[in-house]
Amino acid sequence: MTATEDLIATADAHSAHTYHPLPVVIATADGAWMTDVEGRRYLDLLAGYSALNFGHGNRRLLDAARAQMERVTLTSRAFHHDRFGAFCEQLAALCGMETVLPMNTGAEAVETAVKTARKWGYTVKGVPAEMAKIVVAGNNFHGRTTTIISFSTDPETRADFGPYTPGFQIVPYGDLTAMRSALTENTVAVLLEPVQGEAGVLVPPAGYLPAVRELTRERNVLFVADEVQSGLGRTGRTFACEHEGVVPDMYVLGKALGGGILPVSAVVSSREVLGVFRPGEHGSTFGGNPLACAVALEVIAMLRTGEYQARAARLGERLH
Ligand SMILES: Cc1ncc(COP(=O)(O)O)c(C=O)c1O
Numbered sequence: 009m010t011a012t013e014d015l016i017a018t019a020d021a022h023s024a025h026t027y028h029p030l031p032v033v034i035a036t037a038d039g040a041w042m043t044d045v046e047g048r049r050y051l052d053l054l055a056g057y058s059a060l061n062f063g064h065g066n067r068r069l070l071d072a073a074r075a076q077m078e079r080v081t082l083t084s085r086a087f088h089h090d091r092f093g094a095f096c097e098q099l100a101a102l103c104g105m106e107t108v109l110p111m112n113t114g115a116e117a118v119e120t121a122v123k124t125a126r127k128w129g130y131t132v133k134g135v136p137a138e139m140a141k142i143v144v145a146g147n148n149f150h151g152r153t154t155t156i157i158s159f160s161t162d163p164e165t166r167a168d169f170g171p172y173t174p175g176f177q178i179v180p181y182g183d184l185t186a187m188r189s190a191l192t193e194n195t196v197a198v199l200l201e202p203v204q205g206e207a208g209v210l211v212p213p214a215g216y217l218p219a220v221r222e223l224t225r226e227r228n229v230l231f232v233a234d235e236v237q238s239g240l241g242r243t244g245r246t247f248a249c250e251h252e253g254v255v256p257d258m259y260v261l262g263k264a265l266g267g268g269i270l271p272v273s274a275v276v277s278s279r280e281v282l283g284v285f286r287p288g289e290h291g292s293t294f295g296g297n298p299l300a301c302a303v304a305l306e307v308i309a310m311l312r313t314g315e316y317q318a319r320a321a322r323l324g325e326r327l328h
């Protein structure tokens, strides 16, 4: 047995088979390159499912993480810590918004967006109790929690995991007529990926996102952009929505926000929208922890330069 076969056999024997990885066992990585246990080098075109926008082992991010690890890594939100305010302020500024609610994984941030939109619907928009609807797109991928898979159209993701959470309506991605007829007085949000990532990197027809933006504004519905995968420099802009000049009511961010070092996610919106929460109504032990904030602050500082977005645009063109 080779070292690769041996390591894979151990993993297969003791892990739940929720993935079907390529038969490659990575030992180290640097920049865009990974090296396996046998010394073979690979160009990493997957980039941690888009969480490695700044490459493996980015020096700036590792230094920020190391420095913070020597100071304090976790306080819980029962206390303030000295990185939290700056993280929220600077992430909100990067998004051109006001308020941040930090979580850890992308799916948690999507769940947070769902809760926010429902609570906003009941307490601000005046939707009758238990009637809130969120419109989503077919072929979406927003994560794998029980609520999120409830509005998936992928049988692999969904089958045998019911009963499903109600309150979602699915329309074809890119179909404005379907979107228009799906919106009712009880619709609290439209939740879309500005580019559908897991569906195969599908860009919607030109004009679709601006039209959804206009429609949601007219109907007093929140436009929630899940930029967990498409955001933070991935498409050559800070946010994929920018390609169409769209500013949503809420960004859902994750993946690259943690610099490929640790999971960091967030919902970013206005004071009015995120102001619906009261203490105790939402939270997370690790959400907004000092290490996460320190790494994310460095990610934000790097994105502020515009250098990474420009490089992604340039290299993207060349790869095409
Ligand atoms: C658009 C989008 N939203 C949410 C998620 C879920 O993120 P996580 O795997 O961190 O829970 C993903 C993951 O691929 C994603 O692509």
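The sequence shown begins at 9 in the numbering used here and counts up by one. Just so it is clear, CB atoms sit at the ideal spot from N, CA and C, and this is done for glycine as well.
Which partner residues of residue i appear in the DSSP bridge assignment?
i      : result
Ile308 : Ile308 is not bridged to any residue.
Phe176 : Ile142
Asp44  : Ile34
Met258 : Val232 and Ser277
Leu15  : In DSSP, Leu15 forms no bridge with anything.
His64  : Gly39
Gln204 : Leu210
Since residue i and residue j should fall inside the 8 Å C-beta cutoff, what is the C-beta to C-beta distance between them, to a whole number of angstroms?
i      : j      : result
Leu99  : Val276 : 6 Å
Val118 : Gly151 : 5 Å
Ala121 : Gly266 : About 18 Å; that fails the 8 Å criterion.
Ser238 : Glu201 : 6 Å
Leu109 : Ile308 : Not confirmed; about 16 Å, so no contact.
Val33  : Tyr50  : Val33 to Tyr50, Cβ: 11 Å. No contact.
Gly262 : Ser273 : 4 Å
Ala73  : Ala302 : 7 Å
Phe133 : Val196 : It is Lys, not Phe, that sits at residue 133 in the sequence shown. Confirmed, about 6 Å.
Lys127 : Val284 : 4 Å
Met139 : Asn194 : 5 Å
Glu235 : Tyr259 : 5 Å
Asp257 : Leu230 : 4 Å
Glu206 : Phe149 : 3 Å
Mind checking which residues open and close the beta strand (DSSP E) that includes residue i?
i      : result
Ala219 : Taken as a continuous stretch (DSSP letters only), Ala219 belongs to no beta strand (DSSP E), being part of the alpha helix (DSSP H) at Tyr216 to Glu226.
Pro110 : Thr107 to Met111
Phe231 : Leu230 to Asp234
Ala197 : Thr195 to Leu200
May I ask you to check if the CB of residue i is nearer than 7 Å to at least one heavy atom of ligand 2?
i      : result
Pro256 : Annotation note on ligand 2: not contained in the displayed structure, which lists ligand 1 as its ligands.
Please determine whether the Cβ atom of residue i lies at a distance below 7 Å from any heavy atom of ligand 1.
i      : result
Gln237 : yes
Pro271 : yes
Tyr57  : yes
Lys123 : no
Lys133 : no
Thr113 : yes
Glu206 : yes
Phe169 : no
Glu201 : yes
Val118 : yes
Gly241 : no
Gly262 : yes
Gly104 : no
Phe159 : no
Phe149 : yes
Asp234 : yes
Locate the alpha helix (DSSP H) running through residue i, then write down its first and last residues.
i      : result
Ala37  : Ala37 -> not in any alpha helix (DSSP H); beta strand (DSSP E) instead, spanning Ile34 to Asp38.
Arg49  : Per DSSP, Arg49 belongs to no alpha helix (DSSP H); it is in the beta strand (DSSP E), Arg49 to Leu51.
Ser58  : Ala55 to Ser58
Ala72  : Arg67 to Arg79
Pro163 : Pro163 to Arg166
Thr120 : Gly114 to Trp128
Gln98  : Phe92 to Cys103
Ile269 : Careful: Ile269 lies outside any alpha helix (DSSP H) and carries neither H nor E.
Gly324 : Glu315 to Leu327
Arg188 : Leu184 to Ala190
Ser158 : Thr154 to Ser158
Select from the options the residue whose C-alpha is nearest the C-alpha of residue i.
i      : options                           : result
Ala264 : Arg48, Leu30, Glu280 and Ala300   : Ala300
Val281 : Ala167, Phe62, Lys123 and Gly39   : Lys123
Glu252 : Gly268, Leu217, Pro271 and Thr246 : Leu217
Arg79  : Pro298, Ala35 and Ala321          : Pro298
Leu184 : Thr224, Arg91 and Thr153          : Thr224
Thr131 : Asp257, Arg312 and Arg286         : Arg286
Val143 : Ala186, Val260 and Tyr316         : Ala186
Arg68  : Ala304, Arg326, Ala321 and Thr12  : Ala304
Gly324 : Ala248, Thr243 and Gly296         : Thr243
Gly296 : Pro163, Leu210, Arg91 and Ala37   : Arg91
Thr169 : Tyr181, Ala321 and Thr153         : Sequence check: residue 169 is Phe here, not Thr. Selected option, being the one with the closest Cα: Thr153.
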